[in-house]
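Chains R and E, in that order, are what the protein sequence lines are.
Numbering of the first sequence is given in the numbering used here, commencing with residue 53 and proceeding in unit increments.
Numbering of the second sequence is given in the numbering used here, commencing with residue 181 and proceeding in unit increments.
A short write-up of the structure that comes next.
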Amino acid sequence: MSRVVHAGIGETVVMQGVGQISAIGLGSCVAVAMYDPSQRIGGMVHVLLPESRGQKTELPGKFADTGVPYLLDLMLEKGAFVNRLVVKIAGGASLMSVNVGSFGDIGKRNVEAVRTALSNLGLMVTAEDVGGHEGRTFTLDVGTGVFTVKTVRGGLRQI
Amino acid sequence: MEDKDLQDPLLMDALKELANIGTGHAVTALSQMMGKFVNITVPEVYVVSLGKVAETLGDAGEEVSAAYVGYHGELDGGAMVVFDRDSTSKLVATLVGAELDLQDPMAASVVQEVGNILVATFVSALAQFFGNIIYPEPPAVAIDMLGAILNVLLAEVGQHADYLIVAKTNISIEDANIRGWLIDIPTPQSFQKIVGKLGL
Numbered sequence: 053m054s055r056v057v058h059a060g061i062g063e064t065v066v067m068q069g070v071g072q073i074s075a076i077g078l079g080s081c082v083a084v085a086m087y088d089p090s091q092r093i094g095g096m097v098h099v100l101l102p103e104s105r106g107q108k109t110e111l112p113g114k115f116a117d118t119g120v121p122y123l124l125d126l127m128l129e130k131g132a133f134v135n136r137l138v139v140k141i142a143g144g145a146s147l148m149s150v151n152v153g154s155f156g157d158i159g160k161r162n163v164e165a166v167r168t169a170l171s172n173l174g175l176m177v178t179a180e181d182v183g184g185h186e187g188r189t190f191t192l193d194v195g196t197g198v199f200t201v202k203t204v205r206g207g208l209r210q211i
Numbered sequence: 181m182e183d184k185d186l187q188d189p190l191l192m193d194a195l196k197e198l199a200n201i202g203t204g205h206a207v208t209a210l211s212q213m214m215g216k217f218v219n220i221t222v223p224e225v226y227v228v229s230l231g232k233v234a235e236t237l238g239d240a241g242e243e244v245s246a247a248y249v250g251y252h253g254e255l256d257g258g259a260m261v262v263f264d265r266d267s268t269s270k271l272v273a274t275l276v277g278a279e280l281d282l283q284d285p286m287a288a289s290v291v292q293e294v295g296n297i298l299v300a301t302f303v304s305a306l307a308q309f310f311g312n313i314i315y316p317e318p319p320a321v322a323i324d325m326l327g328a329i330l331n332v333l334l335a336e337v338g339q340h341a342d343y344l345i346v347a348k349t350n351i352s353i354e355d356a357n358i359r360g361w362l363i364d365i366p367t368p369q370s371f372q373k374i375v376g377k378l379g380l
């Protein structure tokens with residue numbers, strides 16, 4: 053069985069060759085996955101919030117504005133080519149029965165912030181599975197380049 | 181803020197004590213509602229990185245039901261009660277008197293009712309302990325993946341912290357085979373401040 057590495061909240065994972073990277077139970081969080089098919093290098097960052105506002109953190113992946121460039125850096129360090137990257141995103145749901153917290157619709161804001169951060173780096177989103185009211189598990193198979201999204205009610209789908 | 185700042189035994193004991201008070205009140209309310217005896221365990225307190233909270237508490241991809249109350253004031257944070265799938269079905273069956281699909285709106289409303297009583301009582305016990313300087317938000321519920329539901333709470337408390345201090349108390353209604361747990365996660369900043377002030 054191939055190795056599965058979990059990208060927890062704020063964590064960034066990059067691997068090459070074989071294995072899977074998975075962000076389990078994305079609610080309002082957004083996971084950004086990048087893949088270079090030519091090198092079979094894949095990476096994922098599990099973003100919790102849109103903006104760092106200059107805050108110091110041990111987890112650059114926690115915020116969209118710091119996490120997305122951090123993931124790209126790690127991908128390039130590993131040997132991925134920026135012009136070959138396939139970028140897919142999942143998450144950003146609104147789960148609760150009422151809008152709770154001090155952020156408004158945090159899922160939606162996370163998706164917007166991720167899109168902005170990607171476009172600042174000149175990266176296009178190839179596919180996405182975002183919004184709605186359901187939690188998701190997002191997995192990238194580094195060996196095959198297959199991206200899947202799983203939900204409790206909707207089963208498993210490829211994006 | 182670093183891990184080691186939160187490993188302070190004084191802080192951990194203070195949170196354990198708070199969780200004990202809060203859960204005690206909460207299960208008394210549940211017990212009255214259900215007409216059944218509700219057991220609680222001694223709270224466990226963890227200091228964990230944001231990325232590991234879900235896996236410390238359970239399986240992030242598992243379907244659970246949960247009710248959440250955020251609170252603000254001198255202490256900021258959130259409390260959540262979680263029941264696994266089986267326990268949710270049994271809880272619903274016990275209270276409604278019929279087996280329901282978890283996607284049935286009626287099931288969600290039962291979860292809401294029970295969850296509200298538990299978390300709202302928990303937070304108001306904290307407020308009482310601190311002299312009413314904590315204001316709860318309206319409760320919210322969801323039936324979905326554990327990790328996804330926890331997002332709501334972690335987005336609130338994880339904004340300024342990479343490590344969190346988490347209190348977890350297990351709840352069970354033995355004769356109905358219902359098991360769940362209640363967690364309380366204050367923001368580390370507000371918790372350190374308030375513990376300092378109380379001279380605990």
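Glycine is no exception: its CB is placed at the ideal position from the N, C-alpha and C atoms.
Alpha carbon to alpha carbon, how far is residue i from residue j?
| i | j | result |
| --- | --- | --- |
| R/Met96 | R/Asp193 | 11 angstroms |
| R/Ala142 | E/Ala341 | 24 angstroms |
| E/Ala356 | R/Gln107 | 48 angstroms |
| E/Ala194 | E/Val375 | 7 angstroms |
| R/Leu123 | R/Gly197 | 17 angstroms |
| R/Pro121 | E/Arg359 | 43 angstroms |
| E/Lys216 | R/Val56 | 43 angstroms |
| R/Gln72 | E/Ala335 | 26 angstroms |
| E/Glu293 | E/Met214 | 12 angstroms |
| E/Phe302 | R/Ala75 | 31 angstroms |
| E/Trp332 | R/Ser80 | The amino acid at residue 332 of chain E is misidentified as Trp; the sequence shows Val. The straight-line gap from Cα to Cα measures roughly 7 angstroms. |
| E/Ala320 | E/Gly327 | 16 angstroms |
| E/Phe371 | E/Ile365 | 9 angstroms |
| E/Ala278 | R/Leu78 | 32 angstroms |
| R/Glu180 | R/Ala165 | 14 angstroms |
| R/His98 | E/Glu354 | 38 angstroms |
| R/Ser54 | E/Ala209 | 48 angstroms |
| R/Leu170 | R/Pro89 | 19 angstroms |
| E/Ala307 | R/Gly62 | 31 angstroms |
| E/Val272 | E/Gln212 | 16 angstroms |
| E/His205 | E/Ala305 | 7 angstroms |
| R/Phe133 | R/Leu173 | 13 angstroms |
| E/Val299 | R/Gly207 | 31 angstroms |
| R/Thr118 | R/Glu110 | 11 angstroms |
| R/Thr178 | E/Ile351 | 45 angstroms |
| R/Ala85 | E/Leu282 | 32 angstroms |
Since residue i and residue j should fall inside the 8 angstroms C-beta cutoff, what is the C-beta to C-beta distance between them, to a whole number of angstroms?
| i | j | result |
| --- | --- | --- |
| E/Lys232 | R/Gly60 | 6 angstroms |
| E/Val225 | E/Ile345 | 7 angstroms |
| E/Val291 | E/Asp264 | Actually they are not in contact, since the Cβ atoms of E/Val291 and E/Asp264 sit about 12 angstroms apart, beyond 8 angstroms. |
| E/Ile201 | E/Thr349 | Not really, about 11 angstroms apart at Cβ, beyond 8 angstroms. |
| R/Ala116 | R/Pro102 | 5 angstroms |
| R/Thr203 | R/Gly187 | 7 angstroms |
| E/Ile314 | E/Tyr251 | 5 angstroms |
| E/Ala347 | E/Pro223 | 5 angstroms |
| E/Glu254 | E/Met325 | 33 angstroms between Cβ atoms; not a contact. |
| R/Met127 | R/Val66 | 6 angstroms |
With DSSP as the reference, please indicate the residues paired to residue i in a beta bridge.
| i | result |
| --- | --- |
| E/Val299 | In the DSSP output, where bridge partners are listed per residue, E/Val299 has none listed. |
| R/Met67 | R/Gly94 |
| E/Val261 | E/Ala247 and E/Leu362 |
| R/Tyr87 | R/Gly94 and R/Val138 |
| R/Phe190 | R/Ala75 and R/Val201 |
| E/Ile323 | E/Ser245 |
| R/Val57 | R/Ile73 |
| R/Leu101 | R/Phe115 |
| E/Val375 | Its beta-bridge partners do not exist; DSSP assigns none. |
| E/Val276 | Bridge partners of E/Val276: none, in fact. |
| R/Val82 | R/Val99 and R/Gly143 |
Between which two residues does the beta strand (DSSP E) holding residue i run?
| i | result |
| --- | --- |
| R/Ser74 | Gln72 to Leu78 |
| E/Thr442 | Beyond the ends of chain E as shown, which are 181 and 380, falls residue 442 of chain E; an answer cannot be given. |
| E/Ile329 | Counting along the chain, E/Ile329 falls outside any beta strand (DSSP E), though it belongs to the alpha helix (DSSP H) covering Leu326 to Val337. |
| E/Pro366 | Ile358 to Pro366 |
| E/Ile314 | Ile314 to Pro316 |
| R/Leu208 | Gly207 to Gln210 |
| R/Lys140 | Val138 to Gly143 |
| R/Phe133 | It is not in any beta strand (DSSP E) - R/Phe133 carries neither H nor E in the DSSP assignment. |
| R/Asp181 | Ala179 to Val182 |
| R/His185 | Premise fails: R/His185 is in no beta strand (DSSP E) and is neither H nor E. |
| E/His340 | Here E/His340 belongs to no beta strand (DSSP E), and DSSP marks it neither H nor E. |
Return the first residue and the last residue of the alpha helix (DSSP H) that residue i is part of.
| i | result |
| --- | --- |
| R/Glu164 | Ile158 to Asn172 |
| R/Glu129 | Ala116 to Lys130 |
Complete alpha helix (DSSP H) runs within the segment 182 to 259 of chain E (minimum length 4 residues, chain order): Counting whole runs of 4 or more residues, the segment 182 to 259 of chain E contains the alpha helix (DSSP H) stretches 183 to 186, 189 to 214 and 233 to 237.
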